[in-house]
Amino acid sequence: MTVENLETNGTQTPATTEEKTSTVRGKASTAKTAKDKEVVALSVKNSPESASKALKFYQPEHRLPENRPVGSSHLHFTEDEMLPGGRPVEVSHLKVVSTYSSVGGLRPVGSSGMEISSTLAISGNRPIALSHLHISETYTVMGNRPVASNEIDDPETLMGFLD
906 MTVENLETNG
916 TQTPATTEEK
926 TSTVRGKAST
936 AKTAKDKEVV
946 ALSVKNSPES
956 ASKALKFYQP
966 EHRLPENRPV
976 GSSHLHFTED
986 EMLPGGRPVE
996 VSHLKVVSTY
1006 SSVGGLRPVG
1016 SSGMEISSTL
1026 AISGNRPIAL
1036 SHLHISETYT
1046 VMGNRPVASN
1056 EIDDPETLMG
1066 FLD
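Here it is as structure tokens:
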């Protein structure tokens, strides 16, 4: 790297540092001049061999607010669909079997290997997955929620974890 330029924040003061001492309400205080408080920025020019490793920015047609940079990426976007505000839709490996309409628009329903026994209509259709959990048919509490039985497969192994 080679140094190209030296810039300051606009306060040009002499190179000497002076300290001023003043008395405020009987206490002595030391105030430094503007030279000590100024911010110095160093502009650095990269050498050609390190330029290939530098972060390269994508320059879109319409600049982002406040000229924020957009980094390059390996994301792939669909060409035909855009969300409101020109937001892109990324290509995904998700297999969509259907969609449903919600307040935010069309929402995808992805395929899954989960086995569903039935659905429950609380805040939308919620799936109830099949499980090997043994449910006690006698005890139900708080809106028909199931209570698991106390029978376990291997009590000695389970009790070994409780030490």
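One gets our numbering by counting positions in the sequence shown from 1 and adding 905 to each. The beta carbon of each residue, even a glycine, is placed where N, CA and C say it ideally should be.
Cut-off 7 Å between Cβ atoms - residues of its own chain near residue i, not counting five sequence neighbours on either side
i: V929; result: Unreliable placement is indicated for V929, whose pLDDT of 48 sits below 50; the coordinate value is still reported in the next sentence. Same-chain partners within the cutoff: there are none.
i: E1056; result: H1039
i: E971; result: none
Contact belief for residue i with residue j at Cβ below 8 Å, rounded distance in angstroms
i: T1024; j: V1014; result: Between V1014 and T1024 the Cβ distance is about 12 Å, and since that is not below 8 Å, they are no contact.
i: P1032; j: I1021; result: 5 Å
i: K1000; j: S977; result: Rounded, the Cβ-Cβ distance is 29 Å, inconsistent with contact.
C-beta contact flag for residue i and residue j at 8 Å
i: H981; j: V996; result: yes
Candidates the options, of which the one nearest residue i by Cα
i: S1054; options: G1065, H1037, G991; result: H1037
i: H998; options: T983, L1063, D1058, A1034; result: T983
i: V1008; options: G1029, V1002, G991; result: G1029
i: R1050; options: G1065, I1027, P1060, E1061; result: I1027
Sequence-distant residues of the same chain with beta carbon closer than 6 Å to residue i, five excluded per side
i: M1019; result: A1034
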